[in-house]
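J.: Take this structure first; my questions come after.
In full-length UniProt numbering, the protein residues as written are 1 to 151.
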């Protein structure tokens, strides 16, 4: 089992939206490294931290899980979608996704500053300067520690 952090702007799609929807395809990832993590490494049952980026302050909002194997992101073929990719074809898609399901909301918002100042989270990709990937791997130790902080 792998562990991950996914980022979403709360104004675009929040943990509250996912709680209401129960499950959603994680569409719109348009970075090759993030896509590769989803396509090549994510598996059903993987545990995921849901992080609200561009919030004030950015924070851990909850926990979700991967509930599908990777498949082609249909938004890449939709000319009316913000995520349309004219170089993608159904025969040779560029972008993949997995479905995410709600698990639980964080009982307290753990902000980026708190994460950065916690020595137990040294090496966490999320807190490295310039790290903007919307899908990031997390060690089991970091995941478990963050989960305890959020309870």
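Just so you know, even glycine gets a beta-carbon here, dropped at the ideal spot from N, CA and C. Every value quoted in this text rests on a predicted model; they were computed, and no experiment measured them.
Does the CB of residue 149 have a neighbour CB from chain D at under 9 Å?
T.: Protein chains in the displayed structure number just one, and chain D is not present.
J.: For the candidate residues 3, 142, 60 and 98, whose alpha-carbon lies nearest to that of residue 154?
T.: Residue 154 falls outside the range modelled here, since the chain spans only 1 to 151, and no answer is possible.
J.: With a threshold of 16 other CB atoms inside 10 Å of the CB of residue 70, please say whether the residue is buried or exposed.
T.: Numbered from 1 along the chain shown, position 70 holds the residue referred to as residue 70. Here residue 70 is buried, its C-beta having at least 16 other C-beta atoms within 10 Å.
J.: Mind checking residue 33: buried by the 16 CB within 10 Å criterion, or exposed?
T.: Working through the chain shown from its first residue, we reach residue 33 at position 33. When all chains shown are included, residue 33 counts as exposed.
J.: Just to check my reading of the structure: residue 102 and residue 22 have Cβ atoms closer than 8 Å, yes? What is that Cβ distance to the nearest angstrom?
T.: For the purposes of this step, residue 102 is taken as residue 102 along the chain shown, with counting starting at 1. For the purposes of this step, residue 22 is taken as residue 22 along the chain shown, with counting starting at 1. Contact holds; Cβ gap of about 6 Å.
J.: Residue 73: buried (16+ other C-beta within 10 angstroms of its C-beta) or exposed?
T.: On the chain shown, position 73 is the one that residue 73 refers to. With a 10 Å radius around the Cβ and a threshold of 16 neighbouring Cβ atoms, residue 73 comes out buried.
J.: Count the other CB atoms, across all protein chains shown, that sit within 10 Å of the CB of residue 131; report buried if there are 16 or more and exposed otherwise.
T.: For the purposes of this step, residue 131 is taken as residue 131 along the chain shown, with counting starting at 1. Residue 131 comes out exposed.
J.: So, does the stretch 80–95 touch the stretch 111–129, judging by three or more C-beta pairs under 8 Å?
T.: no
J.: Should residue 66 and residue 40 be called a contact, given that it needs their Cβ atoms to be closer than 9 Å?
T.: The residue labelled residue 66 in the question sits at position 66 within the chain shown. The residue labelled residue 40 in the question sits at position 40 within the chain shown. Contact: no.
J.: Work out the CA separation of residue 15 and residue 55 for me, nearest whole Å.
T.: Here residue 55 is taken as the residue at index 55 of the chain shown, counted from 1. Here residue 15 is taken as the residue at index 15 of the chain shown, counted from 1. Distance from the CA atom of residue 55 to the CA atom of residue 15, rounded to whole angstroms, is 12 Å.
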